Structures are given as structure tokens and as C-alpha cells.
Amino acid sequence: MPTVSMTVNGKAVSADVETRTLLVQYLRENLGLTGTHVGCDTSQCGACVVDLNGESVKSCTVLAVQLEGAKVTTIEGLAQGDKLHPMQEAFREHHALQCGFCTPGMVMSAIDLVKTNPKPSEREIREWLEGNLCRCTGYHNIVKAIGAAAETMRI
Amino acid sequence: MTATGIGASVRRVEDRRFLTGRGNYTDDINRPGQLYAWILRSPHAHAAIRSIDTRKAAAAPGVAGVFTGADLESAGVGGLPCGWLIHSKDGSPMNEPPHPVLAIGKVRHVGDPVAVVVAASTAQARDAAELIAIDYQPLPAVVTMAAALAGGAATVHDGAVGNVCYDWEIGDKSAVDVAFKAAAHVTKIDLVNNRLVANPIEPRAAVAEFERSTGQYTLYTTTQNPHVIRLLMGAFVLHLPEHKLRIVGPDVGGGFGTKIFHYAEEALLTWLAGQVEKPVKWTSERSESFTSDAQGRDHVSHAELALDKDGKFLGLRVATQANLGAYLSTFSTSVPTYLYATLLAGVYTTPAIYAEVKSVFTNTVPVDAYRGAGRPECAYLLERLVDKAARETGIERSEMRRRNMIQPDQFPYQTPVALQYDVGNYPASLDAALKSSDWAGFPARQAEAAKRGRRRGIGISTYIEACGIAPSAVAGALGARAGLYESAQVRVHATGSVTIYTGSHSHGQGHETTFAQVVADTLGIPFDQIEISHGDTDKVQFGMGTYGSRSIAVGGSALLKACNKVIDKGKKIAAHILEASEADIEFKDGKFTVVGTDKELPFGQVAFAAYVPHNYPIETVEPGLNETAYYDPLNFSFPAGCHICEVEIDPDTGTLEVVKFTAVDDVGRVINPMIVEGQVHGGLAQGIGQALLEGAVYDGTGQLLTGSYMDYAIPRADNLPNFDVTTQSVMGASNPLEVKGVGEVGAIGSPPAVINAVLDALIPLGVSDISMPATPAKIWQAIDAARSGHKAA
Ligand code: FES
Ligand code: FES
């Protein structure tokens, strides 16, 4: 089994994996980082989104062995101690989560949106989220939260 | 109102863990030495199993065991029970065919579990499962209800002749016949309520372990009601006493009904843990969910409404066929009967109603409760029918509804179909929604859209539903095999903080917040001194769980009752310490006071005295402060409201945009407005999804064509508008909190509002009907067919 080493949430990590291991499995099973979720097997739901080398990706679509030396940030790596990231804070403030299962992917994806487009319109937010499914919220409050977080993040 | 009490939009307690990746969902749970199960499922909709050869699989690397239905049968494992007995018109009990945990002799739908492999990893279990050789003899499959009911159709179950589970009726047939004879006008409609897949984003999962030293089993499972699973699995399937079973429903990533039921995998995993004496884990893949989670809806109905010359409803006649799929899922039989036809009065004074429901077995995935369960099917039928009647008689659509509404002074209102509505104000919801949506200003918006080449339509529905299920005695008389009360325990700690154990289960609803608000208000203690615990049968005394919008109405009322018991006992303790008579003690704002004096004792001191009873009425009062209450409601609660939808259609492409959605819902007292609005949003998304996007489609051989997120369209952010949501509060009369329930209203009221809007846009083009989901392709075909003068496919 090949050994794969990368930096996850600022820490150097390393694990022996089967070649078929996906990044999401590496995170959940090898590293015990269960904040990243799996909601589908066709790369549609976005529950698994993480930041890989500065871009949001679906961690169910990347093999761990492709990622030697990569830098990954997961939902567990966002808050600074007790202080939530502005996107996390906005989700809480605007009730943008119910069951919480889509939430890690939503938050990671939304942060990437605001990075690429600091002033997204409502339409742009909705279109950006085409790869993130939520069955609970009807998106209304997610869209609101992302808009509000974009403002805080600009300041 | 305090900042954390009833009525405040308290930010949720549970959010911090979910937002930082510290949730604890079933698939996040791993037990030392655990093995993994892979379930081999039927690729056929209907086939006889001639033989199963597991030898190669058993010898594959990492495999600890391979088991089939025969192994379970010889171990004495029973079948999965159905929780609601329905009787047919002729008094005979429903057909209740066996529902084995793993198929025996025959498979009856694609996805029917046939064998299970337990191995050191999921990958090994899956690889080994490919080595299982099954000799299937494919049989003709009955996929639609029409096919199942046709003469000479193949039978799904040998015992169920003609594939009928039951042929049930409600209401007064002859009174309805009389009403129709007197009618000035009769409106008729044929409707299909499309089959849906619930699709919580968390797939089902289970982890089971067996404690060799005590013979104790623990099952972590994605459930909405752990005690119900313990009861059903212990008593009917594994024949294990409840004290040897612990069921934990940890954080659950959405349920929407489909995580109520006792599933084969729960019993299977528990049994396997005992067989291999190691923890065993199983997590469903999404494609597996599509063929193994119970699905929803799937009705075909014909309905007729008799009206007098002024448009007053005289009588309603309904015939519905309901598809139950291949097996009876836990509550499947109650959904198209008592949760559907008992609501056929709607918000109207229709004096005579008769409905008959035939429930049918087919070679498809079992169908059971999905958000709204029966009530969306009912609201869709009524509100489509009323809209059609309005068009036929030329009475304006909102006026037609208003004319027939039960008036606020008519409560309690006994309907002709068993229910007694406790309280409501339907015209008020209608007025509020008409105003908020600017119904009167619609023609101008329509004209403006027409200039842009768009067809704009507006649609309305005024719905009612029954929540807070229910009085156990009533449910029992109607065939429920369970009680439907709820329980709560308030465990006050010596230093004054409390832990609440509730039988309700939160899988997104935010009980850790709202239930704490009820406690903060009632006991007057700080919000952060309250912990809500749920979902673990070893911690929580008992519970019937969360479904049918029952948590706050039934579970919350039990909680209030337990809090009041704590206060009552506290008064006795305070009376002793304050040297006053108990009758003179008053409890308010977290303090026990002697009326008319300044003598007082804070809650915390009374709690301390209860656990350190030095100065204590020990002869009459036991130490400790820990009260349990069970609450069985006297009636359902009846949320109702009005939904108005506005759409724009591009007639050249059939694409549709929901441009405005207004919901006015009377949900009784609102504990947390932020959470309540969120519940409505989520329900609306699922209702709009049903109307425009979603549908489980099987081909003629019973293969599910919509078996992934590539083919089954659950709404995305850009399919939906922002919602205009208002709650109205006519306080509920059926429980002490005066709440009604909010989990399902969005999914119940919205589908007819959407389709009525679509038709409003299309009728001027000559389109007369459209079925759900009204996809762009279907809309375009309907327009094209109307233009060219032939019927759409
Ligand atoms: S798990 Fe669904 S997109 Fe990755
Ligand atoms: S919060 Fe449950 S899926 Fe989004």
C-alpha cells in the first residue's frame, strides 16, 4: 500500500492507503476527520467539499494517491480556537443549517465563492451552489448567510 | 418574553458542533475491532431465487461471514412488522404478507436485500459479494397499479389475491349520492400524485455491537424514533427483550419520514454483531438509498365535487388507489387512509364526503410516510378540484374558497370524515396571503410579463393538516398498533442545572434549542444551564419519536408537564424551608416566594436542598428533584394556511421560474420564529420539488430509472425563489403549550399552489391539465399539443 503525506488543516499527516482510497475516505477513515461528509456516489451533493490547494473541490472525486504534498483544509480547520470563521458565524446567525449534514460542504464551497467573487449577487450565490444539495433549508437562509458573510469578509 | 424564552429567535445550540465538523452522525461512529457489512441486493424487480452459492465469497480475503435469508430463517429471525392494521369495507383485515429481513425464495423489487457479507473492510465485503452466485428465475413484474390490478396480473405475494392489500372506505356514501342528485354543477378530476424519494442528504447507516459478557446489544442507527425501533426489532424480529437492546439515534442528517421505519438493515446488523461477536458497520450508498429507503406518495385518484348554484360545496366523492410497493413498510398502511382521507373536508364546510381507497402491491420499493404523509396528497386533490370548479363555474378562485370556508365561530367543527377541528381562522390566513402576495395586482404583473414574451400565472391553495399525532385511544381504535403519547424527564441537578430527557428526536428540527426555551421559561433558569438529551434508549425513559409534526405538540407538552411536577415538588420543599404553608408558595421567574411577603428561595437553592436534605420535609417528601411525565393529547392539532405561488413560463422552451411564493401558516404558538420559518422554507422546497422537479420513475420491468442525483432532481438553490413566509397564531386548543406543529405545512400547501399557477399561465393557451412534476419538457409538450390541437403524451 502506498504511503501518502499531505498537510491537512496545517498539520503534516501521512497514512498508508489502498490506491482506490478517495480523499474523503482518507480524511474520514485514516485521519478521523469526520466533519467532511458523504451524501452521494455520483459527485453531485457537495457534502464532501474541502479546500484543496486553495480551491474548493469535492473530496469524493479525488484519489488520495494523487495528493502527495497537497494542502487541504476541511471544516475542522476553519475556526480559530473558539472563534468561528465569518462564514460559519453567518450560517449560525441566519439559521442556514438544520440537520447540519450538508453544512460542511456548503460552508467550504461558500468560502471559495466569496474568495473568487467578493460581492456575489443573490443569483450568483444560487448558481454557485449548483453543486451543493441541501434537503432541509430550502436554501433561503443559506443564500442570506452567504451574502451576509461576504460583507463581513470584505471588511 | 425573555431573550431565551418562548417566542424568541434564539440561535441554535446545536449549530456550533455542526459548523465545526464535530457532529456525531452514525457513519462517524467507529467501534474497536469493527467489521463492515455489504448487502447484496436484487437486480430484478420480480424473480424466484433458485439457488444461492456463497462458498467463493466466504473464502474471499478478509471475509468473516456470508449470510442469506435461509440462515436468518433457521436462526428464528422474524419478519419486519407493519404498525397499522387497516380493515377493508367488508370488515376483513388487510393482507399482511411476510416481510423477511433477507429475501426468502423470491425477490420483489430492485434493491430487495438477498445476502450480506461481513468483512474487514467495506471494499473486501463488496468484492466478496460479487462472488456470490445467485440463480434467479425472472418473473413478470407488476410495476404500475393499473398493471397490478389488471385481471391475470402476476402476484407480488401469493397470499394477496389481485395484489390488493385492502379496499377501505370512509364517510357516508348515500348522503353523498343524495348531495350529487341535488347539485347544480359537478366538477370531476383525475389526478396522479407522483412518487417521491425522500432523500435526506445523510444516507442511512448502522453500527451494531454485541457485549459478550452481558449479552447486551447496542445499535447506532439513522432513526427518527429509537424506542420504536427497539420495540419492533426486539419484539417481532430478533425476539430479544428490550432490556438487552440499546438503540441510539445520534445526530441524524435529515429524516423527512423515511427514517421512521424499522428497516431490514437495523435488525440484520444487530443480528450479525451477535453472530460474529464483533461490531459491524454498514453505510448505505446513495444509489442503494434510492432502492432501499421507503419512498413517498404515489396515488392515482378520481374525485367529484357537487356544488349548488352559488358555488357552495354539497358533496365530495373520492376514489384513490395507493401504491404500497412490494412490502408493507412500518406505517405505510395508515398513510393513504387515516392520514389522507380524514382530511378531505379541508377548510371547507362540505357536508357529505365519501372516499374509498384501494392499496396495492407492486414490484417497486415500499412506499411509506414522506413529509406530510397523506396530507399533501389530500391537499393536492382538494385544491386542484376546487380550482377546477372555480374555473368551470366562473367564480373567482379565492372567492370560491372563501364562500365555503369553516368560519371562526364554528369551532369545534366536526367534519364528515371523523376529525373534529379544535380551532382556526381560515379566512384570516386567506386575507393575509392575498394581501401579502398582492393578488389584486396580478393582472398588471401578468401584462408586463406578456410584453417580455412570458406567460405569468398565479395559483392559490388553502390547506389544513392534522399534526401532533395523536390521542392513543383514537389511534388504537383506528388500527394503530402503538400508543402515540410522548415522555419527558426533567432531571434537576444539585447545583440547579437541569438535563432534559425527551422521547422526541431531533434530526434537524433544533430541539436542543426550542425545548430548552420551554424549560427556561417554565423553570426560570438560565438557558445555558439546560441540556437536552435525546435519541438514546439507555438514557431516555421512553419515547415515540419525531414525525407528523408531533415533537413540540406532544413532546413539548410532556416536557411542560414534567417541569410543572418539578415546580410542585419544589413548592413543598420551599414551604418547609420558608416556614410557610404550601398553598402560600408561588413560583415565578425562577423563585419560590411566600405570597405577600418578601420571603423567597431561588430555584437553585430548592434543588440543592432536595439533594442535601438537611432542612427538609423528609417525612412527606422524598429527596431528589427528578420528574418524569407522559403526555397523551386529547386531539390532533390542526395547522392550516394559505399558499400563493406565482410563476413565469417561457412558452417557447417550457422553462419555468417560480418568481414569488407567499406562505401564511397558522401554526399556533411559535416557540422560536427563526426555526419555525426555517421549517416552512424546507417544506416549501420539498413541495415545490414535488410539483416541478421530482419523480421516481420505473421502467416497464421495474428498474428505477431515477436512481441517482443525476436522474432524480431534488431542488437546487437556483430552482427556488426567496420565500415570503408569515406565521399566524390562532392558539392551538389541543395541548397546554397551544402549539400546532410546523414541520410539514410547507410540503402540504405548496404543490397545488404551484400547479394551479402553472395552469393559470397555460390555460389561456388551451392547455387543460398538467401532471406533477411539471418539468419544462412536459410544459412544452402541453403547449405544443394545445397549439396543434392534439393531446399531449
Ligand atoms: S459525496 Fe456527494 S459530491 Fe461528494
Ligand atoms: S441542513 Fe440538512 S441537508 Fe442541509
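Each protein sequence line maps, in turn, to chains Z and X.
Under numbering that gives the first Met the number 0, the first residue of the first sequence is numbered 0, with each subsequent residue one higher.
Under numbering that gives the first Met the number 0, the first residue of the second sequence is numbered 0, with each subsequent residue one higher.
In this text, a Cβ means the ideal position worked out from N, Cα and C, and glycines have one as well.
Values in this document were obtained by computation on a predicted structure and should not be read as measured data.
Remark: the C-beta of Z:Gln24 is outside contact range of ligand 1, defined as less than 7 angstroms to any heavy atom. Within the model, the alpha-carbon separation for X:Ser505 versus X:Ser550 is close to 9 angstroms. The closest CA to that of Z:Cys98, considering only X:Asp14, X:Asp27, X:Ala152, is found on X:Asp14. In this structure, X:Ala378 and X:Tyr462 form a Cβ contact; the two beta carbons are roughly 4 angstroms apart against a cut-off of 8 angstroms. Shown here, X:Tyr353 sits in a strand according to DSSP, grouped into three states.
Under the DSSP assignment, X:Ala325 falls outside any alpha helix (DSSP H); it carries neither an H nor an E label.
Put simply, the CB of Z:Val49 is far from chain X, with every gap to its CB atoms at 8 angstroms or more. Pairing X:Gly640 with X:Ala608 gives a Cβ-Cβ distance that is not under 8 angstroms.
Here the alpha carbons of X:Thr521 and X:Leu267 stand approximately 43 angstroms from one another.
Against chain Z, the CB of X:Arg11 has a partner CB under 8 angstroms away; the residue lies at that interface. The closest CA to that of Z:Thr2, considering only Z:Phe100, Z:Val64, Z:Thr33, Z:Asp50, is found on Z:Val64. The three-state secondary structure of X:Phe722, taken from DSSP, is strand.
Rounded to the nearest whole angstrom, the CA to CA distance from Z:Thr18 to Z:Met0 is 7 angstroms. Sequence-distant Cβ neighbours of Z:Asn131 in its own chain, meaning closer than 6 angstroms and more than five residues away, are Gly45, Gly104, Met105, Ser108. The alpha-carbon separation between X:Leu271 and X:Glu287 amounts to approximately 20 angstroms. When 8 angstroms is used as the limit between beta carbons, Z:Asp111 is near no residue of chain X, the shortest such separation being about 15 angstroms. A Cβ of chain X is located within less than 8 angstroms of the beta carbon of Z:Glu75. Counting only Cβ-Cβ distances below 9 angstroms, X:Val251 has contacts in chain Z at Cys98, Phe100, in chain order.
Residue state for X:Cys377 is assigned as helix, using DSSP reduced to three classes. Ranked by how close their Cα comes to the Cα of X:Gly467, the residues X:Gly233, X:Leu633, X:Thr619 have X:Leu633 in first place.
In terms of side-chain proximity, the C-beta atom of X:Thr774 is found no nearer than 7 angstroms to any non-hydrogen atom of ligand 2. A residue is called buried once 16 or more other Cβ atoms fall within 10 Å of its Cβ, and X:Asn625 is buried on that count. Cβ-Cβ distances below 6 angstroms link X:Val191 to Val299, Ser770 in the same chain, with the five nearest sequence neighbours on each side left out; the list follows chain order. For Z:Ala46, the CB falls within less than 7 angstroms of some heavy atom of ligand 1. In this structure the region 470-479 of chain X does not touch the region 654-673 of chain X; the number of beta carbon pairs closer than 8 angstroms is below three. The alpha carbon of X:Arg285 has as its nearest neighbour, out of X:Pro199, X:Asp52, X:Val115, the alpha carbon of X:Pro199.
Its Cα nearest to that of X:Gly170, the residue X:Leu342 stands out among X:Leu342, X:Tyr615, X:Gly706.
Runs of alpha helix (DSSP H) with 4 or more residues, each lying fully within the region 549-603 of chain X, are found at 556-577, listed in chain order.
At a cut-off of 8 angstroms between beta-carbon atoms, Z:Glu126 makes contact with chain X. The straight-line gap separating the alpha-carbon atoms of X:Ile103 and X:Ser50 is approximately 11 angstroms.
In the three-state reduction of the DSSP assignment, Z:Glu54 falls in the strand class.
Under the Cβ criterion of 8 angstroms, Z:Glu92 is counted among the residues facing chain X. Close to X:Met673, with beta-carbon spacing below 7 angstroms, are these residues of chain Z in chain order: His94. X:Gly677: member of the alpha helix (DSSP H) spanning 672-691, first to last residue. Z:Cys133 has its Cβ no nearer than 7 angstroms to any heavy atom of ligand 1. A Cβ-Cβ separation of about 5 angstroms places X:Ser8 in contact with X:Pro672 under the 8 angstroms criterion.
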